[in-house]
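Visitor: Below is a structure I'd like to ask you about.
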Amino acid sequence: MQTSRVLPIIILFLCSAVLSIAAPKAEFGPDYRKYRRCSGQDLSAKNEEDVLRLHWLLKKQIFCTHVIGDIVIANLSDVPFPTNVYQRVRTVWGSIVIWNNSHIGHAPIYFPRLHLVNSTFLPPIVLLQNNDVRFEVGDKFQKAISSAANFTYAVLLNTNPIIDMGQYNLMWLAGYPSASFLTDSRFSAEICLENLFKSLAGALGFLFVALSVAFSTVAFYDRKAV
């Protein structure tokens, strides 16, 4: 879908606002492993110090499952990013923002167990102005909703295909029936045939019921005639 220049500027402004909000640094107490809840700031990275902290979390096998607040990966360049640190994240009450990064690792930023992203101001997932960066969710991704944003996903100004067709379809289904992508001319994809499959399944189900009723009626009258 083609967009005007105004909407990307608005997204950039909102991302800048998210980055400027002060948030407490991560403090992992003795109950952290038990509850596995953390703030978005705990899993965000905006400089090399943050990246080192994420490497430490991965080394210590400290994984978050429920995240409150935006996860922001921004302004990183030529650093080895620990993409596996998100391997157990299931729900994000905020947005996942990947913005203005370049050459941060060969593997995609991967959320294999992600079920839900419920955002407020920004779209649930924002992939903006990245170079040589990829993003993936797993097949458990079921719901992407926003209480304020007009778009479910913003995929803009990326120099490489940051998501492939399979990821597009997974994300579209997670936002169904109101999924919408804010994209530019560098991104193109086709909506999956999920609606067609649903219609076909409904038609086959109706045909099966009709045939069952017809055969039952014929069998009843055959027995009555005998």
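Note that my numbering has the sequence shown beginning at 1, numbered continuously upward.
For every residue, glycine included, the Cβ atom is placed at its ideal position computed from N, Cα and C.
Computed from a prediction, not measured in an experiment: that's the story for all the values here.
Taking C-beta to C-beta, are Phe135 and Ile104 nearer than 8 Å?
Guide: no
Visitor: Only counting the same chain, and skipping five residues up and downstream in sequence, which positions put a Cβ closer than 7 Å to that of Pro30?
Guide: Confidence at Pro30 is low in this model, with a pLDDT of 45, below 50, so the placement of that residue is unreliable and no value is reported for it.
Visitor: Can you tell which of Thr83, Phe187, Val79 and Asn75 has its C-alpha closest to the C-alpha of Asn157?
Guide: Residue 157 is actually Leu in this sequence, not Asn. When only C-alpha atoms are compared, the closest one is Phe187.
Visitor: Strictly by DSSP, which residues pair up with His66?
Guide: Arg37 and Thr91
Visitor: Helix or strand or just coil, what does DSSP make of Thr183?
Guide: strand
Visitor: May I ask you to list the residues that DSSP assigns as paired with Asn118?
Guide: Ile145
Visitor: How close, in whole Å, do the beta carbons of Val79 and Ile96 come, if the pair is a contact with beta carbons under 8 Å?
Guide: Val79 to Ile96, Cβ: 19 Å. No contact.
Visitor: Out of Ser180, Gln129 and Ser147, state which residue places its alpha-carbon closest to the alpha-carbon of Asn160.
Guide: Gln129
Visitor: Can you tell which of Leu173, Pro82 and Val89 has its C-alpha closest to the C-alpha of Ile68?
Guide: Checked all of Leu173, Pro82 and Val89; the closest Cα to Ile68 is Val89.
Visitor: Using beta-carbon positions only, say whether Phe141 and Leu114 come within less than 8 Å of one another.
Guide: yes
Visitor: Whole angstroms is fine: what's the gap from Gly175's alpha carbon to Ala148's?
Guide: A direct Cα-to-Cα measurement between Gly175 and Ala148 gives close to 14 Å.
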